[in-house]
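Trainee: Residue numbers (the working numbering): 2 to 152.
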């Protein structure tokens, strides 16, 4: 499939999910999110992202502990999709900067994330992401992401 065709197909997915409010299809159309197994649940305009326990996401199977790249990738996907959903963007935003703080090892169980739009200009948005496993207060990682919003 040519890049222009894929881009048009993705825009059609975005239009459909914005119209229906069912955003799981958006995640399934993003190859990396689909490979990780990212899911989401919406509560009005609030969104909780879920990375189900999967042995493919382990970095150290002896502990077992989640791979830092899987955690970071999950959080980056969550931040970009959060922007698409909450700001009704017509295209995926482009990542400018992503900074993550690992606070503790992620165990082999579901990982959850919630995002907060900290600041949005006309072209740039700053999103804060918190990832946890058992309690929101016990985050395993936090991140700050800056995005360029394009049409």
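Idealized CB from N, CA, C, for every residue including glycine.
This one's a predicted model, so the numbers in the text were calculated from it and none came from an experiment.
Do residue 40 and residue 1 come within 8 Å of each other at the CB atom, strictly closer than that value?
Mentor: Outside the displayed range of the chain (2 to 152) lies residue 1, so it cannot be described from this structure.
Trainee: Taking the C-alpha atoms as reference points, what is the distance between residue 137 and residue 13?
Mentor: Using only the alpha carbons, I get a separation of about 34 Å.
Trainee: Which residue or residues does DSSP assign as beta-bridge partners of residue 44?
Mentor: Paired residues: 47.
Trainee: Quick check on this structure: which residue in 107, 100, 77 has the alpha carbon closest to the alpha carbon of residue 93?
Mentor: Cα-wise, what sits closest to residue 93 is 77.
Trainee: Which class does residue 127 belong to by DSSP, given the choice of helix, strand or coil?
Mentor: Residue 127 falls in the strand class under three-state DSSP.
Trainee: Hey, how far is the Cα of residue 53 from the Cα of residue 35?
Mentor: Taking the straight line joining both Cα atoms gives about 12 Å.
Trainee: At what residues does the alpha helix (DSSP H) containing residue 31 begin and finish?
Mentor: Careful: residue 31 lies outside any alpha helix (DSSP H) and carries neither H nor E.
Trainee: Within its chain, find whatever has a CB closer than 8 Å to the CB of residue 28; leave out the 5 residues flanking it on each side and keep chain order.
Mentor: 34, 35, 39, 40, 41, 78, 82, listed in sequence order.
Trainee: Under 6 Å Cβ to Cβ from residue 110, same chain only, skipping five residues before and after it: list those, please.
Mentor: Counting only Cβ-Cβ distances below 6 Å, and skipping sequence neighbours, we find 54, 134.
Trainee: Are residue 85 and residue 15 closer than 8 Å when you measure CB to CB?
Mentor: Contact: yes.
Trainee: Let me know if residue 61 comes out buried or exposed under the rule of 16 or more other beta-carbons within 10 Å of its beta-carbon.
Mentor: By the neighbour-count rule (16 or more Cβ atoms within 10 Å), residue 61 is not buried but exposed.
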